[in-house]
Amino acid sequence: PKETDCKVDEEWQGLDKNVAHIPFFAERYSEAEMIKRSQMFYELLNKRRSVRFLSDEMVPREVIDNVIRTAGTSPSGAHTEPWTFVVVQDPYLKHKIREIVEEEEEINYKKRMGDRWVNDLKRLRTNWIKEYLDTAPYLILIFKQVYGRLPNGKKKTHYYNEISVSIACGILLAALQVLLLRHL
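Under the working numbering, the first residue of the sequence shown carries the number 214, and numbering increases by one thereafter.
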């Protein structure tokens, strides 16, 4: 790391000294209950599929907000929570997002992925056309933050931001599956 990067991070260390400690508590289940719960959770998540069509049926926005809150419980490097979740419901914005995604996906299919990858996808009957981005009631966009900002405007490093966001995405997908909402 550059010397200036270290200096930036040193300035925020200790700022959170007064953060309240939240004690950890976990209910302990019997062995039989643990087996039952783990089997049920496995069976539920094992039904998850990567679908390329979505229902246009509306769900309460509060459900989407709760799913995002659940994803926000994900572990992250130094508890920096380097993610931003954006919910899009506006049809015009969803269509503009679709256009951007399809343009990038077409480049992926034609230039970036290579023949082998494209051939492997043929059995899944997938391509760069993403009609479901127009019909889904909500799109949840997830962005990683490489840096955060301190109250004084200086940068604060978000450690392991990519893997932290990936884990949050996995938790988001699991939460959607628990609710049996279909997702990608």
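Glycine included, each C-beta is placed from N, C-alpha and C at the ideal position.
Item, Value
"As assigned by DSSP and simplified to three states, the class of Val276", "helix"
"Residues near Val272 by beta carbon distance below 7 Å, same chain, minus five either side", "Pro350, Leu394"
"The stretch 364-380 contacting the stretch 316-328, beta-carbon criterion three pairs below 8 Å", "no"
"The stretch 329-345 touching the stretch 357-373, judged by at least three CB pairs closer than 8 Å", "no"
"Of the residues Ala233, Ala245, Phe238, Leu257, the one placed nearest Val390, counting alpha carbons only", "Before going on, a small fix: residue 390 reads as Gln here, not Val. Cα-wise, what sits closest to Gln390 is Leu257."
"Anticipated Cβ contact below 8 Å, Phe298 with Ile353, distance rounded", "6 Å"
"Opening and closing residue of the alpha helix (DSSP H) in which Thr348 lies", "345-348"
"Beta-bridge partners of Lys357, as assigned by DSSP", "Trp296"
"Euclidean distance between Cα positions of Phe254 and Pro295", "27 Å"
"Sequence-distant residues of the same chain with beta carbon closer than 7 Å to Val378, five excluded per side", "Pro295, Trp296, Ile355, Lys357"
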